[in-house]
Amino acid sequence: MADISARKADHIDITTQRVVTPQVSPGWDDIHLIHQSLPEIDLQDVKLGVRLFGSDLRAPLVIASMTGGHPRAGEINRRLAQAAQEFGIAMGVGSQRAAIRNPDLMPTYSVAREHGPDVFLIANVGAPQLIDQDTEPALSVGDVKALVDAMGADALAIHLNYLQEVVQPEGDQRARGCLDAIRLVAASLNVPIIAKETGAGINRAQAQKLKDAGIRALDVGGAGGTSFALVESFRAADRHLGEAERLGQAFGGWGLPTAVSVVECLGLGVPVIATGGIRGGLDAAKALALGADLVGVARPMLSVAMFLVGATTIADLNMCERVVLGRTGEWLAQRGGSERPGLGRGRGPSPGVRILEQDPR
Ligand SMILES: Cc1cc2nc3c(=O)[nH]c(=O)nc-3n(C[C@H](O)[C@H](O)[C@H](O)COP(=O)(O)O)c2cc1C
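Written as structure tokens, this is what we have:
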């Protein structure tokens with residue numbers, strides 16, 4: 029247990045102090061929105077509000093799941109929840125495995141509800157923990173329900189992090205049976221389940237399987253942002269584990285770039301969240317123009333980009349004209365992307381996400 033808590037602290041230190049983004053690009057530089065010289069709307073008409081699973085968000089933003097399970101992590105969750113409360117956006121906490129094994133750690137997660145009473149809050153558990161591993165038995169459906177209830181969460185993200193697990197010497201390496209376990213959790217919980225990759229992207233066939241298993245949203249967690257292969261490589265180097273260090277470096281850029289994964293996940297009738305390498309409002313606008321329903325970013329730049337393409341709502345932005353060049357264009361051409369709803373002109377919002385006429389206040 030001390031191990032998990034120490035790992036959470038390592039993740040915070042490494043991701044804030046070292047370079048953990050790979051050479052591979054998430055793809056935003058290849059996406060170009062077609063500028064409208066005469067937007068024929070006023071900047072003040074731009075509305076960023078969306079409704080997600082019955083909750084109003086003031087912007088289509090999620091603070092992606094990050095942490096918990098360590099005293100410093102509790103402080104981070106407190107501050108993030110205050111920000112989410114103030115700006116009316118959604119927030120995820122990090123993997124809650126530590127709190128199931130040691131209930132004393134639960135406040136480092138539930139602090140988010142305490143300081144974000146109105147926030148759309150997303151609980152988090154790893155898919156590998158839903159099946160028996162060599163060192164630990166599977167979490168029961170009751171365990172998972174308890175962690176959702178303990179923080180009054182509005183949804184549960186099940187994270188898919190096998191790239192990270194195989195690089196960690198102590199990682200969980202069994203994956204057989206995960207889809208059935210996800211199906212069981214989805215059928216048993218009364219909150220929507222989000223399937224969430226953590227840096228390697230979700231492809232279309234896997235997205236379809238997840239949807240068929242009952243998940244209600246896809247967080248693509250694509251390549252090009254924080255790479256947990258690199259994070260674990262740094263952890264391994266610090267512990268003089270040369271083989272794991274090299275493995276992490278070799279797989280640092282593994283996976284579907286975020287922009288490609290967004291397109292792969294469109295058209296399945298579930299909201300798509302673009303996470304992975306969104307570093308500003310313009311990246312966010314491009315992800316939304318590609319067809320994503322939500323992202324994690326800063327609001328002001330997002331409004332400016334919407335104004336300049338003449339989009340008053342996120343639904344308009346989903347439908348705006350754009351071109352996809354370079355590596356991302358080549359990826360999508362080879363993956364049959366041009367026949368997908370994400371290319372050319374867009375497709376309107378997904379079921380589960382309703383665009384608000386007015387920004388909720
Ligand atoms: C310090 C840190 C810890 C993270 N822990 C989790 C986690 O416990 N569960 C999870 O689903 N994702 C976790 N993530 C992954 C993020 O939610 C996100 O998918 C990833 O960092 C890519 O987004 P970015 O490029 O904007 O960082 C973590 C990310 C960071 C930076």
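Just add 28 to the spot in the sequence shown (first one is 1) and you have this note's numbering.
Ideal placement from N, C-alpha and C gives every residue a C-beta, glycine not left out.
*asked:* My assumption, with CB atoms under 8 Å, is that V90 sits in contact with I59. Please give the rounded CB distance.
replied: That belief does not hold up - the Cβ atoms of V90 and I59 are roughly 20 Å apart, past 8 Å.
*The beta strand (DSSP E) spanning E225 covers which residue range?*
221–225
*asked:* Shorter than 8 Å, the distance from the beta carbon of D247 to the closest heavy atom of ligand 1, or not?
replied: yes
*Closer than 8 Å by C-beta to K173: which residues in its own chain qualify, once you throw out the five before and the five after it? Chain order, please.*
S216, L217
*Near ligand 1: M94 beta-carbon under 8 Å from a heavy atom*: yes
_Where R350 falls, given that 16 or more other Cβ within 10 Å makes a residue buried_ = buried
_In whole angstroms, give me the CA-to-CA distance for A81 and K224._
Ala is not the amino acid found at residue 81; the sequence shown has Phe there. C-alpha separation (whole angstroms): 17 Å.
*Is A203 near P156, with beta carbons less than 9 Å apart?*
yes
*Do you know how far the Cα of T254 is from the Cα of T43?*
8 Å
_Residue span of the beta strand (DSSP E) that contains I128, given as start and end_ = Per DSSP, I128 belongs to no beta strand (DSSP E); it is in the alpha helix (DSSP H), 125–129.
_Candidates R267, E260, V139: closest to V48 by CA position_ = E260
*Taking DSSP as the reference, what is the three-state secondary structure of P99?*
helix
*Beta-bridge pairing of D247 - partner residues as DSSP gives them*: K224, I301
*Compare the C-alpha of E142 against each of G102, S168, V153, Q124 and name the closest.*
G102
*From this set, C293, R35, L108, A109, which residue's C-alpha is nearest L318's C-alpha?*
C293
*asked:* Would the region 259–275 count as touching the region 228–240 if we require 3 or more Cβ pairs under 8 Å?
replied: no
_For L296, count the other beta carbons within 10 Å of its own beta carbon; 16 or more makes it buried, fewer makes it exposed. Which is it?_
buried
*Could you tell me how far apart the beta carbons of V300 and D266 are, in whole angstroms, since I believe they sit closer than 8 Å?*
Not a contact, Cβ separation roughly 36 Å.
*Please indicate yes or no: does the CB of A185 lie closer than 8 Å to some heavy atom of ligand 1?*
yes
*6 Å CB neighbourhood of D247 in its chain, flanking five on each side removed*: I222, K224, I301, T303
*From R327 to F256, what does the alpha carbon distance come to, in whole angstroms?*
Confidence is the limiting factor: at R327 the pLDDT is only 37, short of 50, which leaves the residue's position unreliable, though a coordinate-based value still follows. Taking the straight line from one Cα to the other gives about 26 Å.
*Give me whichever residues DSSP pairs with H143 in a beta bridge.*
Paired residues: none, contrary to the question.
*Would R86 pass as a contact of F115 if the rule is Cβ separation under 9 Å?*
yes
*Cα separation between R363 and K314?*
20 Å
*From which residue to which residue does the alpha helix (DSSP H) around I342 run?*
342–347
*Could you name the residues that DSSP lists as bridge partners for H60?*
V351
*Quick one: what's got a C-beta closer than 7 Å to A92's C-beta in the same chain, skipping five residues either side?*
G120, T303, G324
*What are the boundary residues of the alpha helix (DSSP H) that R204 is part of?*
First-last for R204: undefined, no H or E at that position.
*Would you say the beta carbon of T49 comes nearer than 8 Å to a heavy atom of ligand 1?*
yes
*For H187, which residues of its own chain have a beta-carbon under 8 Å away from its beta-carbon, when the five flanking residues on both sides are left out?*
S93, S123, N152, V153, G154, A155, K224, E225, T226, G249
*From L238 to L207, what does the alpha carbon distance come to, in whole angstroms?*
7 Å
_Assuming V259 is part of the alpha helix (DSSP H), what are its boundary residues?_
256–266
*Simplified DSSP state of D73, which is helix, strand or coil*: helix
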